[in-house]
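So the sequence shown is residues 66 to 278, counted in this note's numbering.
Even for Gly, the Cβ is constructed at its ideal location relative to N, Cα and C.
Each remark here refers to the structure printed beneath this line.
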Amino acid sequence: MNIILMGPPGAGKGTQARFLVEERGMVQLSTGDMLRAARSSGTEMGKIVADVMDRGDLVTDEIVIGLIREQIEIGKGNGFIFDGFPRTLAQADALAELLEATGLTLDSVIEMEVDDEALVARITARSTCGACGEVYNDATKPQPADGECSNCGASDFQRRADDNEDALRNRLMEYYKKTSPLLGYYYAKGMLQKVDGLGEIDTVKAGISNVLG
Ligand code: ADP
Ligand code: ZN
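And the structure:
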């Protein structure tokens with residue numbers, strides 16, 4: 066099964082993708098994570114995308130499509146979760162072509178619905194473990210008092226450079242201008258399924274399970 070998780074920044078796509086990886090053996094393809102990895106390893110591409118990302122603008126279609134193509138070619142595991150991709154109609158078309166060329170199908174597009182007020186609150190409170198990617202939130206899931214990640218024990222909590230109000234406003238604008246039209250696109254293809262993303266993490270998780278069967 067291959068699925069797309071869609072929703073604005075902070076909707077909880079990454080958190081839910083991790084569950085699908087753990088429980089179903091799916092492979093998470095997060096273009097955001099790939100781009101951040103390119104930045105921290107200091108590749109040419111990482112240097113090109115750094116400022117763009119920090120402003121909250123979209124990286125070029127060419128770059129992200131290239132990243133996704135490489136990963137699809139590497140292998141499918143128990144299905145792909147596309148997380149943060151596609152974000153433009155050109156990316157959606159490229160994905161359709163890549164899947165077709167590989168003999169894969171897209172089974173579901175899940176929209177995680179949240180309201181904009183909640184997003185700002187979530188994102189400005191967010192941090193992650195630099196070692197394993199576990200996500201923390203100052204209000205709902207604070208970093209453990211002993212300073213060690215509850216998942217892997219590392220002590221390397223990080224906040225993203227683009228998790229500030231200005232960059233977030235820009236990310237939201239990019240989402241509404243360029244990405245939200247994809248909801249109509251997948252709806253018209255009969256693939257869109259909506260899940261309420263505002264509840265507790267476990268409730269959202271159950272909602273997604275319910276949709277995927
Ligand atoms: P978010 O929390 O905003 O969903 P991501 O981790 O998915 O964040 O992406 C972070 C940034 O990486 C985006 O703001 C954008 O600059 C870049 N990026 C990630 N995926 C894409 C994509 N598919 N197309 C263009 N830019 C992307
Ligand atoms: Zn960790």
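Going by DSSP in three states, Gln93 sits in which element: helix, strand or coil?
In this structure, Gln93 counts as strand in the three-state DSSP scheme.
Check your understanding: Is there contact here, the stretch 200-215 with the stretch 228-237, by at least three beta-carbon pairs under 8 Å?
Key -> No: the two stretches stay apart, fewer than three of their Cβ pairs being nearer than 8 Å.
* To do: To the nearest angstrom, report how far apart Gln93 and Ser173 are at their CA atoms.
  => Cα atoms of Gln93 and Ser173: separation of roughly 15 Å, rounded to the nearest angstrom.
I'd like to confirm something about Asn202: is its beta-carbon nearer than 8 Å to some heavy atom of the ligand ZN, or not? Not so, every heavy atom of the ligand ZN lies at least 8 Å from the Cβ.
Discussion item. As a quick check of your reading: which residues have a C-beta less than 6 Å from at least one non-hydrogen atom of the ligand ZN, in chain order?
Written reply: In chain order, the qualifying residues are Cys194, Ala196, Cys197, Glu199, Cys214, Asn216, Cys217, Ala219.
Residue from Ala103, Ile137, Glu127 with nearest C-alpha to Met91: Among Ala103, Ile137, Glu127, the Cα nearest to that of Met91 belongs to Ile137.
field: Test item: CB-CB of Met238 and Lys78 under 9 Å
entry: 9 Å or more divides the Cβ of Met238 from the Cβ of Lys78.
For Ser95, is the beta carbon positioned less than 8 Å from some heavy atom of the ligand ADP? Indeed, a heavy atom of the ligand ADP lies less than 8 Å from the Cβ.
- Message: Among the candidates Met256, Val117, Asn235, Glu265, whose CA atom is the shortest distance from the CA of Pro73?
- Response: Nearest C-alpha to Pro73: Asn235.
Within 9 Å, strictly: CB atoms of Val86 and Ile146: Closer than 9 Å, so yes.
* Between Met99 and Leu123, is the Cβ-Cβ spacing less than 9 Å? -> Going by beta carbons, Met99 and Leu123 fall outside the 9 Å limit.
Q) Which ranges would you report for the beta strand (DSSP E) in the stretch 140-217 if only whole runs of at least 3 residues count? A) Within the stretch 140-217, the complete beta strand (DSSP E) runs of at least 3 residues are 145-148, 173-178, 191-194, 200-202.
Shorter than 8 Å, the distance from the beta carbon of Phe150 to the closest heavy atom of the ligand ADP, or not? Correct: Phe150 has its Cβ closer than 8 Å to the ligand ADP.
| field | heavy atom of the ligand ADP below 8 Å from Gly75 C-beta | value | Remark: the C-beta of Gly75 is in contact range of the ligand ADP, defined as less than 8 Å to any heavy atom.
Q) Does the beta carbon of Asp158 fall short of 8 Å from some heavy atom of the ligand ADP? A) Answer for Asp158: no, Cβ out of range of the ligand ADP.
task: Go ahead and pull the three-state DSSP assignment for Leu248.
output: When DSSP states are grouped into helix, strand and coil, Leu248 belongs to the helix group.
*asked:* For the ligand ADP, I want to know if Arg101 counts as a neighbour, meaning its beta carbon is within less than 8 Å of at least one of the ligand's heavy atoms.
replied: Arg101: yes, Cβ under 8 Å from the ligand ADP.
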